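In what follows, a structure is listed as structure tokens, so that the remarks can point back to it.
4 protein chains.
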Amino acid sequence: MRRATKIDGRVSRAAKARETRRAALLQVARRIFSQKGYHATSIDDIIAAAEVARGTFYLYFESKRAIFDELLDELFTPIAEVVRRIDVSPGAPPPHDQMVATVDRVLTTLVENREIARLLLREAVGIDADFDRKLSDFYGRLEALIVSALSTGIDMGLVRELDPQLTARCVLGVVKEVCHYAFVERDGADVDVRKLGREMIAFTLTGIFKH
Amino acid sequence: MRRATKIDGRVSRAAKARETRRAALLQVARRIFSQKGYHATSIDDIIAAAEVARGTFYLYFESKRAIFDELLDELFTPIAEVVRRIDVSPGAPPPHDQMVATVDRVLTTLVENREIARLLLREAVGIDADFDRKLSDFYGRLEALIVSALSTGIDMGLVRELDPQLTARCVLGVVKEVCHYAFVERDGADVDVRKLGREMIAFTLTGIFKH
Amino acid sequence: MRRATKIDGRVSRAAKARETRRAALLQVARRIFSQKGYHATSIDDIIAAAEVARGTFYLYFESKRAIFDELLDELFTPIAEVVRRIDVSPGAPPPHDQMVATVDRVLTTLVENREIARLLLREAVGIDADFDRKLSDFYGRLEALIVSALSTGIDMGLVRELDPQLTARCVLGVVKEVCHYAFVERDGADVDVRKLGREMIAFTLTGIFKH
Amino acid sequence: MRRATKIDGRVSRAAKARETRRAALLQVARRIFSQKGYHATSIDDIIAAAEVARGTFYLYFESKRAIFDELLDELFTPIAEVVRRIDVSPGAPPPHDQMVATVDRVLTTLVENREIARLLLREAVGIDADFDRKLSDFYGRLEALIVSALSTGIDMGLVRELDPQLTARCVLGVVKEVCHYAFVERDGADVDVRKLGREMIAFTLTGIFKH
DNA sequence: TATGAATGAGCGTTCATTCAT
DNA sequence: CATGAATGAACGCTCATTCAT
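Sequence lines, in order, name chains A, B, C and D. When the letters of the first sequence are read in order and numbered with my numbering, they come out as residues 1 to 211. When the letters of the second sequence are read in order and numbered with my numbering, they come out as residues 1001 to 1211. When the letters of the third sequence are read in order and numbered with my numbering, they come out as residues 2001 to 2211. When the letters of the fourth sequence are read in order and numbered with my numbering, they come out as residues 3001 to 3211.
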């Protein structure tokens, strides 16, 4: 037993060390990709900043593309999670409250992951066909959610008769552009998330007209 | 005189041939850039498709960047022209009509230049610092126009009190995203420009709510 | 007869035009080669400055190398001529006078052909094996002449016992370096040929020592 | 401690291997540059002769220019060192002895570095502006030394009244040309350094005249 | 004769990935 | 596990020369 523990101990210690290294590489890559973009970042940049040998990098990641993918997943996953929580069942909180809450959570998630947000919003496409597909899958899922929310809204008589698909894209465009403005152009540091959310929601719900 | 005519004939024939070649190269480059993006397109791809020698390419364009720039200018220029025509002088057509007309013209221009539209909407950034600047200049000009239109609208009591800058980005986001949807994801072939325009305007003016 | 004259007239007029063009190309090439060196000068530079089409250049010269060769021959020929005139026959002018006169003539020739002199003195080697051979032939001829002059001098008891070959190279080295100083480093414009000649001769004849 | 030793062992072995490769590349480049000159030598030539992949070259040298520079420095450095050792302080060896010794050492250094000497003496100019400057700096330093030696000689009454600058160039010309003769034209293999030195010194000190 | 568009071999350099130690 | 030397395909670009008109 002692020995087993010892081995387990070793193993887990080793596994932990492995995870630490991996995390360190991810962190460094996150920063550099976010600063320079995918193409302008070289493996050299990453291993130099991580103070790790060339080969070591490939011990933890299959390729440059692989680490980039993994970084974007860090954002895809929580965003998808946040959005998934929208509840359209009867007895759920009122749609408007949910909308506010969701927008808030999305923005908060982006703020918490500014660097990856930059990555996502800048490196929209052009890496390769596979990545383009991944990206459009992600946005496709968001779109589907908005479409379903809009459709429900129309059914409930809250939302005017509109093309749900096209309007979903409008909403998505608002979110993307405002986030680009906040996280890519400005540093993303001093962003007033509340204000951003309020303006986006107002725009989305009522447009620019005075009613 | 006969000789002069002859020479003129020759010169113009040569100049014409030159223009033809140039146009052919531009066309090929337009297609390939639009399909694969800037980075994934090599000079080799272009000259192979154009069935032209390596040196020939450089006879017509200074560099890969130069032909890319020229392609994007094919779209920048007419878009800027279209947008410039907005008339805020007294006695001008009513704002709403102008808006509809402008959106219509912008979309028509994009439809007419689908491939470059793809290029513009996909290659958001990451080519190089110069290009990033060019791109943000372009969008900056659009944004400024929208800001000024919104401010005028607020002054006239047509538009509600909103943050003109942020809202301009919302509008820009709507346009970009809808265009991305129409020209990048779908082929851009069977796009109902009228419908697209109507939906975008409705969304922008009144949001999603039923009033 | 009239017709023949006419034709002759035409032919010679054409031949003259041909020569004029050739000369113009040579002149332009001379200037540019002299300013930028062989490698840094492109055919483009030459035809642009000569305002002549690309193909025209090749109508007059076989290649870049050929025109360069021809330019250097412009200097080789008169220099060889000048040096050939040294007269060691009995009853000839005294050796010292001839030496002074020769040095003077060589320097004058160089001054009159500053641009080619620059070329000769800078582009010592490295163009290709053929050119290297040509160059060493030229210097070989000069060397042989100096060797023979030195040997005669020794026989006549004027010159100390020395290794004629090696010393010939010393003399050549003096000439080359002083000319390099005068024509390459300084513009070659305000060169006091007399003084240069005097110093070189004094150095060659008596060295640096005070006797 | 054992482990440290092991690591040290590894490190030094690796460092040694690195140095070996570097040296091999330098040697190959030295030979080829010396045979063909800078422009006629391509990276391809070097890596083919060194049996090394393209990328490997750039692992050891920044650029073609960088390896060329380094090669020339192999000669610049010891020559500068040798020449620097001239001692004009009171109580120093007599000037003539120092001159003989210096010439001897310079020639020996050149013999020991024949290939680079060829390089130095052939690639007079034309690589690029930077290199031209480097070269003229080097020769400028030599010239300055000779000028100062001549001026001292004049003050001491040993050297006749002459133009020190121009004469320094004469001396430099003698050295360059004789070295060119010995190292570029002849293989540089069977050069009798002593004799060369003696002749050069005799020529420089007393010229060709029998006194 | 004159043109200039076309050619394509060649260049120096980069960088993601592999693998022996 | 960790290393970093080695790889080589690929890149954008140049330029002396050719040739149809």
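Where a beta carbon is used, it is the ideal one built from N, C-alpha and C, also for glycine. If you're wondering where the values come from, they're calculated on a predicted model, not measured in any experiment.
Contact criterion: CB-CB distance below 8 Å. Does residue i meet it with respect to chain A?
i: residue 1115 of chain B; result: no
i: residue 1058 of chain B; result: no
i: residue 1131 of chain B; result: no
i: residue 1140 of chain B; result: no
i: residue 1144 of chain B; result: no
i: residue 1162 of chain B; result: yes
i: residue 1071 of chain B; result: no
i: residue 1158 of chain B; result: yes
i: residue 1211 of chain B; result: yes
i: residue 1125 of chain B; result: yes
i: residue 1003 of chain B; result: Residue confidence is low: residue 1003 of chain B scores 36 on pLDDT, short of 50, so the model does not pin down where it sits. No coordinate-derived value is stated.
i: residue 1246 of chain B; result: This structure does not reach residue 1246 of chain B, given that chain B is present from 1001 up to 1211, and the question cannot be answered.
So, is the C-beta of residue i closer than 8 Å to a C-beta in chain D?
i: residue 2092 of chain C; result: no
i: residue 2099 of chain C; result: no
i: residue 2049 of chain C; result: no
i: residue 2064 of chain C; result: no
i: residue 2112 of chain C; result: no
i: residue 2128 of chain C; result: yes
Throw me the rounded Cβ distance for the residue i and residue j pair, which I believe falls under 8 Å.
i: residue 2150 of chain C; j: residue 2129 of chain C; result: With a Cβ gap of about 30 Å, residue 2150 of chain C and residue 2129 of chain C do not count as contacting.
i: residue 40 of chain A; j: residue 1126 of chain B; result: 7 Å
i: residue 1203 of chain B; j: residue 1174 of chain B; result: 6 Å
i: residue 50 of chain A; j: residue 28 of chain A; result: 4 Å
i: residue 2172 of chain C; j: residue 2135 of chain C; result: Rounded, the Cβ-Cβ distance is 12 Å, inconsistent with contact.
i: residue 59 of chain A; j: residue 46 of chain A; result: Not really, about 13 Å apart at Cβ, beyond 8 Å.
i: residue 211 of chain A; j: residue 1096 of chain B; result: In fact, because the Cβ distance is near 15 Å, the residues do not count as touching under 8 Å.
i: residue 38 of chain A; j: residue 123 of chain A; result: 5 Å
Spell out whether any CB of chain B is found under 8 Å from the CB atom of residue i.
i: residue 174 of chain A; result: yes
i: residue 204 of chain A; result: yes
i: residue 167 of chain A; result: yes
i: residue 55 of chain A; result: no
Could you pull out every residue in the same chain whose Cβ sits closer than 8 Å to the Cβ of residue i, ignoring the five residues on either side in sequence?
i: residue 2197 of chain C; result: 2100, 2103, 2104 and 2107
i: residue 3132 of chain D; result: 3125 and 3126
i: residue 3161 of chain D; result: 3154
i: residue 1087 of chain B; result: 1093 and 1098
i: residue 2186 of chain C; result: none
i: residue 1201 of chain B; result: 1099, 1100 and 1103
Is the CB of residue i under 8 Å away from at least one CB in chain C?
i: residue 3134 of chain D; result: no
i: residue 3150 of chain D; result: yes
i: residue 3197 of chain D; result: no
i: residue 3186 of chain D; result: no
i: residue 3208 of chain D; result: yes
i: residue 3122 of chain D; result: yes
Give every residue of the same chain whose Cβ lies closer than 7 Å to the Cβ of residue i, excluding the five residues on either side of it in the sequence, and list them in chain order.
i: residue 3110 of chain D; result: 3117, 3179 and 3183
i: residue 1199 of chain B; result: none
i: residue 2147 of chain C; result: 2164, 2165 and 2168
i: residue 1030 of chain B; result: 1071, 1115 and 1116
i: residue 76 of chain A; result: 138
i: residue 1064 of chain B; result: 1043
i: residue 1015 of chain B; result: none
Considering only residues of the same chain and omitting the five flanking positions on each side of residue i, which have a CB-CB separation below 6 Å?
i: residue 205 of chain A; result: none
i: residue 3033 of chain D; result: 3041 and 3119
i: residue 1170 of chain B; result: none
i: residue 2067 of chain C; result: 2029 and 2061
What are the complete beta strand (DSSP E) segments, minimum 3 residues, inside the stretch 2099-2159 of chain C?
none
Using a Cβ-Cβ cutoff of 9 Å, what residues of the stretch 3030-3041 of chain D are near chain C? List them in chain order.
3036, 3037, 3038, 3039 and 3040
At 4 residues or longer, and completely inside the stretch 2008-2074 of chain C: list those alpha helix (DSSP H) runs for me, N to C.
2043-2050 and 2054-2060
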